[in-house]
Amino acid sequence: MTEVVVNGSGSASAPLDFPATRTALTSSSTNVRIAQLRTVEDKISNTELDPPLVRRLVQLLFWTHAFYADRPSRLAVQRCLSALLSKGLDFDVLSAFVTALRAESQKPGIAASNAFVLVEWCSLLMQHLAKTSNWDKLASQILQSYVDVLDKCLQPAAKGGMAHSAIVVTRRGFRKLFSAHENPDKALKDAVQLLTTKSAQPSIKNAPLLGVIAGVSSRIPAVKSVLETQKSQYFTFYTREIIGSRTSVPQHIASGLNDFFLDFVTLEDLAKEVIPSLEKGLLRAPEIVLSDVIIPLIRALHKDFDLSQILLGNLLKPILSNVKSSNVNTRNGAVKAFKALACCKSG
């Protein structure tokens, strides 16, 4: 999939001149690239391209995500990919594209701007494959890729507005998936199962994508009740990966499940499923739980939740004991957590 230099189209009758296309798309001129991409989109939409040419074209388009820095060129590529997906790609070509996407998403040095392009491509795949059997075949790779590239877009180092745009694009993909899939219940359950299951490596980065799934589900009646049945998996994930984290939890991860807590978690759920683990976490790693976990959790809850009983009965003693800690971060975290909890009273 990373091949760029290819020997022609292999067919004299091909309606698209591939060598000329390759030359134009690798040009440093934005105008040249966009003009040719418009031609490519038109040819894809209105002619039948030879399968070998399609494969080479997909390879070339994939390469552009790391080469193009301007938004117009990237959008033009996206329109070409959308046209290809609308026409229908052979499964081997589609699978190769997804495999390349997965490999690229795992590269630690990928720039946030390039990761955003891949976020858009993941959403595009989700939207176009939702009505096909290919989604179920490729969902695992696409969702795992999504986790990695979305995480890069949510990092503090990403430029302003990128995090919000990435979430918007991701919501769009899941809305289409849950509304167009022939069995949306299965699509949702499979996604939640994949993202919440314990793996050999920490899966804490899955939190934002799980949060998007919950937020989108809460607004689609057909799947909202299905998400309700998955709450136990969410709680298990949250307590294991976030409360149980042995390292500092980034803010975008700690708040990644905000939509889940806001739309699906009751005060009773909180007391039963979350607070016991928080108590244990305050004993095990107070510097992490106080500084990184409790406050984002409180901010995600309904504003009318009265947390006074939880504070008095479960959290007051361990929080106050940490006010005396020799660790300045733990002390500050204890004070902030106490204030946040004390303010959460009804009325």
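Residue numbers (my numbering): -1 to 345.
Each residue gets a CB set at the ideal place from its N, CA and C atoms; glycine is no exception.
Answer yes or no: do residue i and residue j have a C-beta to C-beta separation smaller than 7 Å?
| i | j | result |
| --- | --- | --- |
| Gly311 | Phe258 | no |
| Asn204 | Leu193 | yes |
| Leu35 | Cys78 | yes |
| Leu73 | Phe16 | no |
| Ala178 | Lys129 | yes |
| Gln231 | Val190 | yes |
| Met124 | Gly159 | no |
| Arg53 | Val96 | no |
| Ala335 | Leu288 | yes |
| Ile286 | Glu239 | no |
| Pro294 | Ser253 | yes |
| Cys408 | Ser143 | Residue 408 lies beyond the residue range present for the chain, which begins at -1 and ends at 345; the question has no answer from this structure. |
| Asp68 | Thr28 | yes |
For residue i, tell me which candidate among the options has the shortest Cα-Cα distance.
| i | options | result |
| --- | --- | --- |
| Leu255 | Ala212, Lys157, Ser223 and Asp15 | Ala212 |
| Trp61 | Lys41, Leu99 and Ser143 | Leu99 |
| Ile251 | Ala298, Gln191, Val263 and Leu281 | Ala298 |
| Pro353 | Phe95, Val247 and His126 | Any property of residue 353 remains undetermined from this structure, which presents the chain solely from -1 to 345. |
| Leu152 | Leu339, Val166 and Ile296 | Val166 |
| Pro70 | His162, Phe176 and Val30 | Val30 |
| Ser80 | Asp40, Ile293, Arg54 and Arg282 | Asp40 |
| Leu141 | Ala161, Ala33 and Leu175 | Leu175 |
| Val224 | Tyr144, Pro182, Glu46 and Ile292 | Pro182 |
| Gln76 | Ala94, Leu55 and Phe89 | Leu55 |
| Ala283 | Asp267, Ala332 and Gln249 | Ala332 |
| Leu318 | Lys337, His300 and Lys301 | Lys337 |
| Tyr66 | Asp88, Asp290 and Ser26 | Ser26 |
| Arg173 | Ser93, Pro154 and Arg217 | Arg217 |
| Gln249 | Ala161, Lys301 and Ile108 | Ala161 |
Tell me which residues share the same chain as residue i and place their Cβ nearer than 7 Å to its Cβ, disregarding the 5 neighbours each side in the sequence.
| i | result |
| --- | --- |
| Leu148 | Val117, Ala164, Thr168, Pro206 and Leu207 |
| Ala269 | Ile308 |
| Pro316 | Glu277, Leu280 and Leu281 |
| Gly6 | Confidence at Gly6 is low in this model, with a pLDDT of 38, below 50, so its placement is unreliable and no value can be given for it. |
| Gln104 | Asp146 |
| Leu339 | Ile296, Leu305, Leu309 and Leu313 |
| Cys196 | For clarity, residue 196 is Lys in the given sequence; the question names Cys instead. The answer, listed in chain order, is Arg238. |
| Asp188 | Ala137 |
| Asp290 | Ser246, Val247 and Ala252 |
| Ala101 | none |
| Asn327 | Glu285 and Ser289 |
| Asp88 | Pro49 |
Leaving out five residues on either side along the sequence, give the residues of the same chain with a beta carbon under 8 Å from the beta carbon of residue i.
| i | result |
| --- | --- |
| Val2 | Summary for Val2: the model assigns pLDDT 42, below 50, so the residue's position carries little reliability; its value from the coordinates is reported in the next sentence. Hits under 8 Å: Arg20, Thr24, Gln57, Leu58 and Trp61. |
| Arg329 | Asn320, Val321, Lys322 and Ser323 |
| Thr237 | Glu271, Val272 and Ser275 |
| Ala33 | Ala22 |
| Asp267 | Lys229 and Phe233 |
| Glu180 | Lys129 |
Tell me which residues share the same chain as residue i and place their Cβ nearer than 6 Å to its Cβ, disregarding the 5 neighbours each side in the sequence.
| i | result |
| --- | --- |
| His63 | Asn112 and Val115 |
| Phe235 | Thr194 |
| Phe233 | Glu271 |
| Ala12 | Model confidence at Ala12 stands at a pLDDT of 47, short of 50, so the residue's coordinates are unreliable; what they give is reported in the following sentence. So the qualifying residues of the chain are Asp48 and Leu51. |
| Leu14 | Lys41 |
| Ser43 | Ala81 |
| Leu127 | Trp133 |
| Ala156 | Ala110 |
| Lys150 | Ala110 and Ala113 |
| Ile292 | Ala335 |
| Gln228 | Val190 |
| Glu226 | none |
| Gly345 | Low per-residue confidence applies at Gly345: pLDDT is 41, beneath 50, and the placement is therefore not dependable, though the value from the model is reported in the following sentence. Excluding sequence neighbours, Gly345 sits near nothing in its chain. |
Q) On the three-pair Cβ rule with 8 Å, is the stretch 76 to 84 touching the stretch 133 to 143? A) no
Q. Between the stretch 240 to 250 and the stretch 213 to 230, do three or more beta carbon pairs fall short of 8 Å?
A. no
Q. What are the complete beta strand (DSSP E) segments, minimum 3 residues, inside the stretch 180 to 231?
A. none
Q: Jot down the residue ranges of each uninterrupted alpha helix (DSSP H) in the stretch 307 to 337, minimum 4 residues, whole runs only, in chain order.
A: 314 to 320
Q: Quick one: which unbroken beta strand (DSSP E) runs of 3-plus residues sit fully inside the stretch 106 to 192? Chain order, please.
A: none
Q | Uninterrupted alpha helix (DSSP H) stretches inside the stretch 9 to 85 (no shorter than 4 residues) | A | 16 to 23, 28 to 44, 49 to 65 and 69 to 85
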